[in-house]
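Enquirer:
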Amino acid sequence: MQHAAKIAGTVEAWETEQLGADAAHAKIATDHEDEIDAALELQPISIRLQKSLIENLKALGQLNGIGYQPLVRQILTRFVECEMKNLLKQRVAEQEAIQKMPARKSPSTKLKKAA
5 MQHAAKIAGT VEAWETEQLG ADAAHAKIAT DHEDEIDAAL ELQPISIRLQ KSLIENLKAL
65 GQLNGIGYQP LVRQILTRFV ECEMKNLLKQ RVAEQEAIQK MPARKSPSTK LKKAA
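Note that the numbering used here has the sequence shown beginning at 5, numbered continuously upward.
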């Protein structure tokens, strides 16, 4: 029995579909994987990114010991949390500025002349 030559698990091998495209090696996600996705409320999306960006994300993910998709999820989560905090701070500052403004006198109020 002769074994097929082993293909190195490089980014290029995955992207050119030398790896990961053979239906003989594909499997349906287990119920556990589906349950995890449901518990984390994960929703699959499709997004187009530049190849160089994906390569950089994969390199960063590898340095952090995670895949690039969880890394992208972390990046987006951090960004959204930071933006929401900034918006909240901005609104609070606007409200404080309004409260510090001197009260306007209504035009119907007439000032009396001092004697």
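Here a beta-carbon is modelled for each residue, glycine too, at the ideal position from N, C-alpha and C.
Just so we're clear, the structure is a prediction, and the values are computed from it rather than from any experiment.
1. Expressed to the nearest angstrom, what Euclidean distance is found between the alpha-carbon atoms of Val96 and Glu85?
2. Under a three-way DSSP split, which group does Arg95 fall into?
3. Do Gln22 and Ile11 have their C-beta atoms within less than 7 Å of each other?
4. CB-CB under 7 Å to Val76, same chain, minus the five flanking residues each way: which ones, in chain order?
5. Under DSSP, the alpha helix (DSSP H) around Lys55 begins and ends at which residues?
6. What is the residue span of the alpha helix (DSSP H) that Asp35 lies within?
Expert: In terms of the structure at hand:
1. Position 92 of the sequence shown holds residue 96. Position 81 of the sequence shown holds residue 85. Those two C-alpha atoms are separated by around 17 Å.
2. Residue 95 sits at position 91 when you count from the first residue of the sequence shown. Reduced to three states, the DSSP call for Arg95 is helix.
3. As a working note, residue 22 is residue 18 in the sequence shown. As a working note, residue 11 is residue 7 in the sequence shown. Yes, the pair counts as a contact, with Cβ atoms nearer than the cut-off.
4. What you label residue 76 is simply residue 72 of the sequence shown in a count that begins at 1. If we look at Val76 and ignore the five residues flanking it on each side, its Cβ neighbours are Leu61.
5. Here residue 55 refers to the residue found at position 51 when the sequence shown is read from its first residue. First-last of the alpha helix (DSSP H) with Lys55: 55-67.
6. Along the sequence shown, read from residue 1 onward, the residue named residue 35 stands at position 31. First-last of the alpha helix (DSSP H) with Asp35: 35-43.
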